[in-house]
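Residue numbers (the numbering used here): 479 to 854. Cβ atoms here follow ideal geometry from the backbone N, Cα and C, with glycine treated the same way. For clarity, every value in this text was computed on a predicted model and none was experimentally measured. Heads up, the thing below is written out as structure tokens.
Below is the structure:
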């Protein structure tokens, strides 16, 4: 069992959260998120004078509904995003639920606390449509990137719908073999990103043959990739590396994408409406996750990925590793069934992949790559 220690602003160990996180069966990324949230909650409760003289371990035993409401009102007054506040409330709720299931000094019945009916103050649902980019925008974005190693990874996410965390850790083991596939698509198996630490849940998505060929061409021609991996097709190799031959990080890839979007003249601050009832809008910058939304919409529009619209809905659920079919409803609102099944619809996702590769691939002699990560 790993040991996780969380400190408050005065340098004191917050014992109850530390025990909870050390025993929780969660992925490392989830543990880090909860640990940060506990620190934010403890600091904010001190600032808004919720039992200010008590350490957090004692404070957590005394919290009531009014205390949590005061904390959330304080966070909203600081103009934090509603998603951030909801995430922190869920951390607090999970901590109290852990205490409810514990014995001894850790125990505090959930029914005697702020969540006696398990009803949260914030809401995790937001009424806005997912953001997507068109084929023309994708081509413009790729053409304004400096290196093929950047273009290939973003084209891969756009084509498969995988999360950025999966893309930066993907190995050749997950790539499909070069076999003929009906319609030009190949199944690709990889570990699902959102799961518990010891879970073996698997995600299966579809990779188009032109994008697989682009990946292999990148492995064969990229000098930084060949320098790091002399045996460039070994199963344990990372599929994508940065321009310096280093593993991508989520932050670095997002930075390169936003810089290219800025050079391409994208509007990086398209507002979306929250379901908060106060009319406030949040500004959302473009990120690799937008490519995942675009993949789902393209699958629903395509005429070569399923016999009918409902089969494509099921395919979206499978490829995005959603737990239920209803999780894809926002994409169905963007791509209504009547439009996807109209006689005028001839959109082919396979042909789209070929067009993007043809337009955005630049042979080494046609351009000068910028090794490093210049953004200007």
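Closest in C-alpha terms to residue 588, from the list 648, 539, 499, comes 539. Judged by DSSP in its simplified three-state form, residue 669 adopts strand. Put simply, the stretch 695-709 does not touch the stretch 589-596. Fewer than three CB pairs are less than 8 Å apart.
Looking from the CA of residue 518, the closest CA among 549, 801, 582, 493 belongs to 549.
CA-to-CA, the gap between residue 727 and residue 821 works out to about 43 Å.
Within the same chain, and ignoring the five residues on either side of residue 814 in sequence, no residue has its Cβ closer than 7 Å to its Cβ.
Taking a cut-off of 8 Å on C-beta distances, the stretch 610-629 touches the stretch 766-777, as three or more cross pairs fall below it. In the DSSP annotation of this structure, the continuous segment of the alpha helix (DSSP H) that includes residue 494 starts and ends at 493-501. Exclusion of the five residues before and after residue 576 leaves 498 as the residues of its chain whose Cβ lies within less than 6 Å of its Cβ. Shown here, residue 681 sits in a strand according to DSSP, grouped into three states. Counting of Cβ neighbours within 10 angstroms places residue 481 among the exposed residues, the total staying below 16. Counted as a single uninterrupted DSSP element, the alpha helix (DSSP H) harbouring residue 620 occupies residues 613-621. Annotation: the continuous alpha helix (DSSP H) that includes residue 688 extends over 687-699. Classified as exposed, residue 682 has fewer than 16 neighbouring CB atoms from the shown chains inside 10 Å of its CB. Ranked by Cα distance from residue 798, the options 744, 566, 636, 572 are led by 636. Cβ-Cβ distances below 8 Å link residue 723 to 702, 703, 705, 706 in the same chain, with the five nearest sequence neighbours on each side left out; the list follows chain order.
One alpha carbon belongs to residue 541, the other to residue 522, and they sit about 14 Å apart.
A buried status is given to residue 515, since no fewer than 16 other beta-carbon atoms sit within 10 Å of its beta-carbon. Partner residues in a beta bridge of residue 570, as assigned by DSSP, do not exist. Ranked by Cα distance from residue 684, the first of 788, 484, 509, 777 is 777. Straight across, the Cα-Cα distance linking residue 623 with residue 744 is about 13 Å. When only Cα atoms are considered, residue 639 and residue 645 end up about 10 Å apart. In terms of Cβ geometry, residue 666 and residue 686 do not form a close pair [threshold 7 Å]. Annotation for residue 626: the continuous alpha helix (DSSP H) segment containing it runs 626-638. In this chain, the alpha helix (DSSP H) harbouring residue 789 covers 787-798. Shown here, residue 583 sits in a helix according to DSSP, grouped into three states.
Distances from the alpha-carbon of residue 556 to those of 716, 525, 807, 764 put 525 closest. Each residue's CA atom was taken as its position, placing residue 788 and residue 796 some 12 Å apart. Contact between residue 700 and residue 626 holds, with the beta-carbon distance rounding to 6 Å and staying under 8 Å. Collapsing the DSSP output to three states places residue 707 in coil. Just so you know, the alpha carbons of residue 495 and residue 641 end up roughly 29 Å apart.
DSSP places residue 824 in the coil class of the three-state scheme, outside both helix and strand. For residue 559, no alpha helix (DSSP H) encloses it, and the DSSP letter there is neither H nor E.
In the DSSP secondary-structure assignment, residue 725 is bridged to 719.
Taken atom to atom, the span from the alpha-carbon of residue 738 to that of residue 836 is near 19 Å.
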